[in-house]
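J.: Here the sequence shown is numbered in numbering that gives the first Met the number 0, starting from 0 and rising by one per residue. For glycine and all other residues, C-beta sits at the position ideal for the given N, C-alpha and C.
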Amino acid sequence: MLRTMITATNTLTQLQQQMDTISNNLANSSTTGYKAKEAQFSELLYQQYNNDELDRTLRQSPVGIRYGVGAKISQIQTNHSQGNLQMTDRDLDLAFTKEKQYFNILMPAGDNGTNLVYSRQGDFYVSPVANGQVMLVNSDGYAVADSDGNPIVFQDQFQNFTLTEDGLLGVSYPNGQTATFELGITEIQKPQVMEHVSDTYIDLPENFAELGLEEQEVLVDMLGANRVNIGVQNGALEQSNVNLSKEMTDLITAQRSYQFNSRAITIADQMLGLINGIR
Numbered sequence: 000m001l002r003t004m005i006t007a008t009n010t011l012t013q014l015q016q017q018m019d020t021i022s023n024n025l026a027n028s029s030t031t032g033y034k035a036k037e038a039q040f041s042e043l044l045y046q047q048y049n050n051d052e053l054d055r056t057l058r059q060s061p062v063g064i065r066y067g068v069g070a071k072i073s074q075i076q077t078n079h080s081q082g083n084l085q086m087t088d089r090d091l092d093l094a095f096t097k098e099k100q101y102f103n104i105l106m107p108a109g110d111n112g113t114n115l116v117y118s119r120q121g122d123f124y125v126s127p128v129a130n131g132q133v134m135l136v137n138s139d140g141y142a143v144a145d146s147d148g149n150p151i152v153f154q155d156q157f158q159n160f161t162l163t164e165d166g167l168l169g170v171s172y173p174n175g176q177t178a179t180f181e182l183g184i185t186e187i188q189k190p191q192v193m194e195h196v197s198d199t200y201i202d203l204p205e206n207f208a209e210l211g212l213e214e215q216e217v218l219v220d221m222l223g224a225n226r227v228n229i230g231v232q233n234g235a236l237e238q239s240n241v242n243l244s245k246e247m248t249d250l251i252t253a254q255r256s257y258q259f260n261s262r263a264i265t266i267a268d269q270m271l272g273l274i275n276g277i278r
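1. Nearest by alpha-carbon distance to Gly230: which of Gly121, Asn24, Gly148 and Met193 is it?
2. Do you know whose CA, among Val136, Gly272 and Ile277, lies nearest Leu1's CA?
3. Specify whether the stretch 102-112 and the stretch 254-262 touch according to this definition: at least 3 beta carbon pairs, one from each stretch, less than 8 Å apart.
4. Quick check on the DSSP output: the alpha helix (DSSP H) that includes Tyr66 runs from which residue to which?
5. Would Gln81 and Phe40 be called neighbours here (beta carbons separated by less than 8 Å)?
6. Flag this pair as touching only if the stretch 125-133 and the stretch 184-198 have three or more C-beta atom pairs under 8 Å; answer yes or no.
7. Taking Met4 and Ile264 to be in contact with their CB atoms under 8 Å, please state how far apart those CB atoms are, rounded to whole angstroms.
8. Just grab the DSSP bridge partners of Ser22 for me.
9. Could you check the C-alpha separation between Glu164 and Gln232 for me, to the nearest Å?
10. Tell me which same chain residues have a C-beta within less than 7 Å of the C-beta of Phe180, skipping the five on either side of it?
11. If you compare alpha carbons, which of Thr113, Thr30, Ser29 and Val241 is closest to Asp202?
12. Please classify Thr252: is it buried, with 16 or more other beta-carbons within 10 angstroms of its beta-carbon, or exposed?
13. Measure the CB-CB distance between Gln16 and Ala38 and report whether it falls below 8 Å.
14. Please name the residue in Met247, Asp268 and Arg262 whose C-alpha comes closest to that of Ala26.
15. Under the assumption that Thr77 contacts Pro190 (Cβ atoms under 8 Å), give the Cβ distance between them as a whole number of angstroms.
16. Along the chain, where does the beta strand (DSSP E) containing Lys245 start, and where does it finish?
17. What are the residues that DSSP puts in a beta bridge with Asp145?
18. Taking only the alpha-carbon atoms, compute the straight-line gap between Asp92 and Asn137 and give it to the nearest angstrom.
19. Do you know offhand how far Ser29's Cα is from Gln74's?
20. Just the Cα atoms here: how many angstroms apart are Pro107 and Ile274?
21. Do you know whose CA, among Met221, Thr20 and Leu250, lies nearest Lys99's CA?
22. In this structure, how does DSSP classify Gln191 when only helix, strand and coil are distinguished?
23. Thr6 and Gly69 look like a contact to me (Cβ under 8 Å); what is the Cβ gap, rounded to whole Å?
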């Protein structure tokens, strides 16, 4: 009975994490550039009980009994497939037309520092800074980096914006002058290595050095001749790639599994009560 309760308890905690992951996907189904996540399960260690030697005679199936102790989440995988594009006709709404390419975003990191993270969320705005200048930011107010890793800052008397397919942002002024900026864009060759930071942001994991990989094997900065391989357009936003039908089906399955394991604990407790009540 105790083994039943331990096995069910081990699995319950992991099922709760799976339901949390699914709930997060559902909550972000309308978030621009969000990538769905999926919990992958693996079995915990088995305990082998072997039969007597005589029981092996003429036996076709494996001998002994293997007792499991539940399951655990081995990893939470991110689905990096392309989301659908929604046309907005807004100059500062940008969307990638190719997978694995990400905007470089400067996320605040305490003590007035910043940390470079990566996101496909392309709804950008301008935010006043100082001396009649504005800075290009995303919907969270984080600075959008140029190809040198610096914030994109320009005069606030702009008229309109243009964007070339290779990620060159043009700012036009009423006097006919223009300013151009190369958007910082990185192609992630091994997205499965990346770690989810928050919302739509990803970064290299803290233990990256222990993975035996070089940074250039994972991250390729789209600079120089590489910029012709960029696929980005303005006037559109990439929607999340969350499949609502799949998420609801997975949620129902996880809930039923949770109920089953909860019931197993209840029944085991009742059986222990009956055993303790025997005189």
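T.: Taking the structure as given:
1. The shortest CA-to-CA distance from Gly230 to any of Gly121, Asn24, Gly148 and Met193 is the one to Gly121.
2. If you compare the alpha carbons of Val136, Gly272 and Ile277 with that of Leu1, the shortest gap goes to Gly272.
3. No: fewer than three Cβ pairs fall under 8 Å.
4. No alpha helix (DSSP H) contains Tyr66, which is instead part of the beta strand (DSSP E) from Ile64 to Tyr66.
5. Taking 8 Å as the cut-off, the Cβ atoms of Gln81 and Phe40 do not count as close.
6. No, the stretch 125-133 does not touch the stretch 184-198.
7. Yes, Met4 and Ile264 are in contact; Cβ-Cβ is about 5 Å, under 8 Å.
8. In DSSP, Ser22 forms no bridge with anything.
9. Spanning the two alpha carbons is a distance of roughly 6 Å.
10. Excluding positions up to five away in sequence, the list reads Asp145, Ile151 and Leu168.
11. Closest option to Asp202, Cα to Cα, is Thr113.
12. An exposed status is given to Thr252, since fewer than 16 other beta-carbon atoms sit within 10 Å of its beta-carbon.
13. Closer than 8 Å, so yes.
14. The shortest Cα separation from Ala26 among Met247, Asp268 and Arg262 belongs to Met247.
15. The pair is a contact, with the Cβ atoms about 7 Å apart (cut-off 8 Å).
16. Note, Lys245: premise wrong, no beta strand (DSSP E); alpha helix (DSSP H) at Leu243 to Asn275.
17. Paired residues: Leu182.
18. Answer to the nearest angstrom: the Cα atoms are 10 Å apart.
19. One alpha carbon belongs to Ser29, the other to Gln74, and they sit about 24 Å apart.
20. Between the alpha carbons of Pro107 and Ile274 lies a gap of roughly 60 Å.
21. If we check each option's Cα against that of Lys99, Met221 comes out closest.
22. Residue state, collapsed to three classes: helix.
23. Indeed, because the Cβ distance is near 5 Å, the residues count as touching under 8 Å.
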